[in-house]
Structures are given as C-alpha cells and as structure tokens.
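Read the structure below first, then the notes.
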Amino acid sequence: MKKTLLTISMLAMFSVTTAQAADVTYTFQGLTNIGGTNTFTGTFVYDNAVAGSTVYYPGTGPLQQGFSTVYSGAVKSLKINLNNGNQVVSTGGNIVINNIQQAEIGAQVPAGLSLQAWTGSTIGTINGNTMSNMYLAFMPVTPNFSWNALDNHFGGNAEQLLQSNPSSLPSNINTQLTGTSLPSNLLTSFNGGLFLGTNHALSNTVNNIDSFSLVSAVPEPETYAMFLTGLGIMGAVARRRKQK
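Okay, structure coming up:
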C-alpha cells in the first residue's frame with residue numbers, strides 16, 4: 003500500500019514538473035575559420051513559453067509588407083565547444099521572427115520567413131579572438147500563406163489593420179507563421195538552412211552549421227492527458243487495495 007502511494011506521489015510530482023517545462027534544447031555541429039579552421043559542437047536552449055510582441059508593417063520601407071515579432075528573454079543559452087579546447091558561452095537574449103512578403107533591395111531583412119536568436123552576455127575566445135556576441139540565424143523560407151490573401155480577407159491592407167487590432171487575425175491562419183506563437187520545434191517552420199554568427203572586435207563571421215537536431219521539446223497536451231490517466235488508474239488500484 004505504502005509503495006503504491008509512493009509511486010502515485012512520484013508520478014504526481016513528475017506530472018507537475020513536466021507541465022511547467024518550457025525549455026526546448028537543440029544540439030548542432032559546424033565549422034569555423036576564425037584564426038584557423040576548427041570544428042565545433044554546440045547546444046541551444048530557448049524558452050517556448052515567452053510571449054512575443056508583434057509589429058506589422060503596412061507597406062513602408064525598408065520592410066515593405068509583413069511583420070516582426072520579438073520574444074524578449076526567450077534565449078536561455080547558446081554554447082559551442084571547439085575541437086582545440088576553446089569554448090564560447092552566451093546566456094540570455096531575444097528571439098526575433100520576421101515574415102516579409104516584399105522587401106526593398108538592400109533591406110536588412112529579406113523576403114520570407116526567418117528567425118534570429120540574438121544572445122546577451124558572451125564569454126570565450128576562438129584561437130585568441132575574444133568573442134563579444136553569438137547568434138543563430140535561420141535562412142528565409144517561403145511561408146504557406148500569402149499576405150495578399152489576408153488583404154482580400156480584410157478588404158484592405160492586412161498589416162495596417164492588424165497593427166491596430168492583432169486579435170482580428172483569422173482563426174484558421176497558422177499562428178507560427180504570423181508571429182503570434184513560438185513553435186516547440188523550430189525546424190518545422192524554419193527549415194531553409196541556418197548559420198552561427200560570431201562577433202569579435204569589428205568582425206562579424208558567418209560560421210557553417212552542418213547539423214542541427216532537436217534534443218528535447220515542450221510536451222504536447224496529449225502527454226499531460228496520458229499522465230493524468232495514469233494517475234487515475236494508480237489511484238483506483240490504491241483504493242481497491244485499501245478496501246481489501
């Protein structure tokens with residue numbers, strides 16, 4: 003009986019902990035040419051539960067049409083370990099999602115759906131070069147919806163109307179593609195390739211990433227339901243044993 007109750011208590015604690023989890027973790031591998039050619043492995047962790055602040059662009063340069071969403075504090079850590087023993091660690095920072103259907107020539111944010119994970123405090127060196135910042139940049143991909151269709155839906159400029167009333171976005175639109183939510187797996191939406199950016203002195207280096215893999219994600223609602231069902235079954239067993 004005591005063993006059964008202990009099992010139930012442990013499951014309950016695990017369920018609560020899991021429900022509160024929001025961190026998503028990735029590992030990656032790549033190559034850098036800073037001060038010499040070296041391979042590196044890395045980890046990236048972000049908080050999927052952070053709310054974003056979206057600004058819609060109603061057709062004024064340099065961002066012609068689309069949106070930009072900032073998730074302040076979403077980045078937990080970005081770390082790399084080089085094969086020569088060097089290590090660079092960045093903690094804290096923001097995730098920025100851009101979805102630009104039309105952009106002027108030379109605009110900082112190109113057309114398409116893209117994501118940048120900008121970090122805050124950075125410590126470490128690469129072959130004697132002190133790093134001041136690291137970031138991940140996911141290459142733009144073509145979203146599966148058109149702002150032109152939203153223009154037709156609203157009978158006018160969708161970005162301008164959404165800027166004053168974001169809640170009017172149609173419910174059948176994928177929120178991950180409109181900047182109103184962070185996906186639990188970045189690779190599902192931002193699959194156009196990515197690179198690791200590093201800053202040292204006045205140089206900004208683009209470092210190749212060969213592989214990028216999801217390690218752990220936020221459990222889906224179905225997982226919570228499974229835990230609750232298990233608790234119910236264990237509770238019923240405990241009650242039967244107590245009655246005997």
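Just so we're aligned: 212 in our numbering is position 210 of the sequence shown, and the numbers increase by one with no gaps anywhere. No residue lacks a Cβ here, since even glycine has one placed at the ideal position from N, Cα and C.
Cα-Cα separation between residue i and residue j, rounded to whole angstroms
i    : j    : result
G114 : I102 : 5 Å
G44  : H155 : 44 Å
G94  : A105 : 30 Å
T127 : N88  : 6 Å
S213 : G157 : 43 Å
N151 : N35  : First, the amino acid is wrong: residue 151 is Ala here, not Asn. If I take the Cα positions, the gap works out to 44 Å.
Q162 : L84  : 46 Å
W120 : D153 : 31 Å
N206 : V77  : 20 Å
V208 : S170 : 39 Å
D49  : N100 : 18 Å
L204 : M133 : 10 Å
I97  : Y73  : 5 Å
N131 : G38  : 11 Å
N86  : N129 : 8 Å
A219 : A51  : 12 Å
Where residue i falls: helix, strand or coil (DSSP)
i    : result
S55  : strand
P1   : Residue 1 cannot be examined here, being either before or after the span of the chain that is shown, 3 to 246.
S166 : helix
F140 : strand
F156 : helix
N35  : coil
A2   : Residue 2 is absent from the structure shown; the chain starts at 3 and stops at 246.
Y226 : Because the pLDDT at Y226 is just 42, under 50, the model does not fix this residue reliably, and the point stays unresolved.
L115 : strand
T177 : helix
A23  : In this prediction, A23 scores a pLDDT of 48, lower than 50, which makes its location untrustworthy; the coordinate-derived value is nonetheless stated afterwards. A23: coil per DSSP, three-state reduction.
L184 : coil
N131 : strand
N193 : coil
N150 : helix
V72  : strand
Enclosing beta strand (DSSP E) for residue i [first to last residue]
i    : result
F279 : In the structure as shown, the chain starts at 3 and stops at 246, and residue 279 therefore has no counterpart that could be examined.
N101 : 89 to 105
V208 : 205 to 218
N83  : 77 to 84
Contact belief for residue i with residue j at Cβ below 8 Å, rounded distance in angstroms
i    : j    : result
S183 : V26  : Contact flag wrong, Cβ pair sits at about 13 Å.
P112 : P142 : 5 Å
S116 : F140 : 6 Å
L80  : L138 : 7 Å
> Three or more C-beta pairs closer than 8 Å, one from the segment 195 to 213 and one from the segment 29 to 42: is that the case here?
Replying inline: Between the segment 195 to 213 and the segment 29 to 42, the count of C-beta pairs closer than 8 Å reaches three or more; the two stretches touch.
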